[in-house]
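*Asks:* Dropping a structure here in structure tokens format, bear with me for questions.
In UniProt numbering, the protein residues as written are 1 to 305.
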């Protein structure tokens, strides 16, 4: 499958994921009315959207991927995470392993067209983390739990024989970007690059945009994801910012704020026609990522601009 085919495949399913994100955003408005305070994790993490997301997880072979593995990780608190590892093509081995953190709806199978571009077009290994409560993974999602899951995944890659000597790049979309920021801030000596796409400053700062009348009740939200407070702690890991300027869920101003406060080596790339879920399908998206990862691999981070 070519890069264009992979992007097209992703775009064909993006609408369903977008519906999940919009449902989650609409649900936040209800949450902030005070009626669903104790159910907010069900709203912020709409893991059953699109329908069947908890029972049907597409596998890499359905997308023509030949070299891949099911990986089951056990967390310290007893959860089982059902993940995928796609091996980079040997003919163009990049020496980079990507840890992929997806957005808040759907499952890892829905992101396989993206993962295939990394493994087959760029020659990078890619590990797609299935959070607790998503897809076939056990448990229920929450901010604390997802942070545990991310650390378990990174630790696995650092010990695995065919990845432990690779450069590690963490790649997060939306909620996955917030999770990536938290993970990298704690592991700057182990991670070599961070890629953020359409990520928010925090859940609390996102609420006034989603539902302005509820802005005074934002503190009721206990799932915080404090990217704005955490990102400045990252100083040793270069960061690529990919911002869809037509994002209808996370205002592009959130990404710009994160870029401005970032103290590490950083690169800003705009996708003028990119909305929240289809920024990945825009021309130039994977070119920006490939260029960034090549510089990370070669240690040319001083050239980033």
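Even glycine gets a Cβ: it sits at the ideal position worked out from N, Cα and C.
Determine the contact status of residue 133 and residue 141, defining contact as a CB-CB distance below 8 Å.
*Replies:* Contact: yes.
*Asks:* Count the CB pairs spanning the segment 181 to 190 and the segment 105 to 125 that are closer than 8 Å, and state whether there are at least three.
*Replies:* With the cut-off at 8 Å, the segment 181 to 190 and the segment 105 to 125 do not touch.
*Asks:* Under DSSP, the beta strand (DSSP E) around residue 100 begins and ends at which residues?
*Replies:* Element bounds for residue 100: 96 to 101.
*Asks:* Which of the three DSSP states is assigned to residue 110 in this structure?
*Replies:* Helix.
*Asks:* Classify residue 130: buried if its beta carbon has 16 or more other beta carbons within 10 angstroms, exposed otherwise.
*Replies:* Flag for residue 130 reads buried.
*Asks:* Does the Cβ of residue 288 have 16 or more other Cβ atoms within 10 Å, making it buried, or fewer, making it exposed?
*Replies:* Under this definition residue 288 is a buried residue.
*Asks:* Which class does residue 195 belong to by DSSP, given the choice of helix, strand or coil?
*Replies:* Three-state DSSP puts residue 195 in a strand.
*Asks:* Rounded to the nearest angstrom, what separates residue 232 and residue 52 at their Cα positions?
*Replies:* Spanning the two alpha carbons is a distance of roughly 38 Å.
*Asks:* In or out: residue 55 buried (at least 16 other Cβ within 10 Å) or exposed?
*Replies:* Under this definition residue 55 is an exposed residue.
*Asks:* For residue 294, count neighbouring Cβ atoms within 10 angstroms of its own Cβ and tell me buried if that reaches 16, exposed if not.
*Replies:* By the 10 Å Cβ count, residue 294 comes out exposed.
*Asks:* What are the residues that DSSP puts in a beta bridge with residue 244?
*Replies:* DSSP lists 271 as partners of residue 244.
*Asks:* Within a Cβ cutoff of 7 Å, which residues of the same chain sit near residue 165, ignoring the five residues on either side of it in sequence?
*Replies:* Closer than 7 Å at the Cβ level, and outside the excluded window around residue 165, lies no residue.
*Asks:* First and last residue of the beta strand (DSSP E) that includes residue 81?
*Replies:* Its beta strand (DSSP E) spans residues 80 to 86.
*Asks:* So, do the segment 200 to 209 and the segment 220 to 238 have three or more beta carbon pairs nearer to each other than 8 Å?
*Replies:* Yes: at least three Cβ pairs fall under 8 Å.
*Asks:* Near residue 147, what residues of its chain come up, given a Cβ to Cβ distance below 8 Å and the 5 sequence neighbours on each side ignored?
*Replies:* Counting only Cβ-Cβ distances below 8 Å, and skipping sequence neighbours, we find 179, 182 and 183.
*Asks:* By alpha-carbon positions, which one of 207, 121 and 238 ends up nearest to residue 298?
*Replies:* Out of 207, 121 and 238, 238 has the C-alpha closest to the C-alpha of residue 298.
*Asks:* Measure how close the beta-carbons of residue 185 and residue 103 come, nearest whole angstrom, since I'm counting them as under 8 Å.
*Replies:* Not a contact, Cβ separation roughly 20 Å.
*Asks:* When you compare the CB positions of residue 127 and residue 85, do they come within less than 8 Å of one another, or not?
*Replies:* The answer is yes: Cβ separation under 8 Å.
*Asks:* What span of residues does the beta strand (DSSP E) with residue 181 cover, start to end?
*Replies:* Looking at the DSSP string, residue 181 is not in any beta strand (DSSP E); the run it does join, the alpha helix (DSSP H), is 175 to 186.
*Asks:* So, do the segment 151 to 163 and the segment 75 to 89 have three or more beta carbon pairs nearer to each other than 8 Å?
*Replies:* Judged by Cβ distances under 8 Å, the segment 151 to 163 makes contact with the segment 75 to 89, as three or more pairs qualify.
*Asks:* Grab the span of the alpha helix (DSSP H) containing residue 254 for me, first residue to last.
*Replies:* Where residue 254 is concerned, the enclosing alpha helix (DSSP H) stretches over 252 to 261.
*Asks:* From what residue to what residue does the beta strand (DSSP E) around residue 280 run?
*Replies:* Careful: residue 280 lies outside any beta strand (DSSP E) and carries neither H nor E.
*Asks:* Can you grab the Cα-Cα spacing for the pair residue 66 / residue 87, in whole Å?
*Replies:* Using only the alpha carbons, I get a separation of about 9 Å.
*Asks:* Could you give the first and the last residue of the continuous alpha helix (DSSP H) run that contains residue 43?
*Replies:* Element bounds for residue 43: 40 to 44.
*Asks:* Report the residue from 210, 137, 194 and 57 whose alpha carbon sits nearest the alpha carbon of residue 74.
*Replies:* Residue 74 has its Cα closest to that of 137, out of 210, 137, 194 and 57.
*Asks:* Closest to residue 123 by C-alpha separation, out of 291, 266 and 300, would be which residue?
*Replies:* It is 291 whose Cα lies nearest to the Cα of residue 123.
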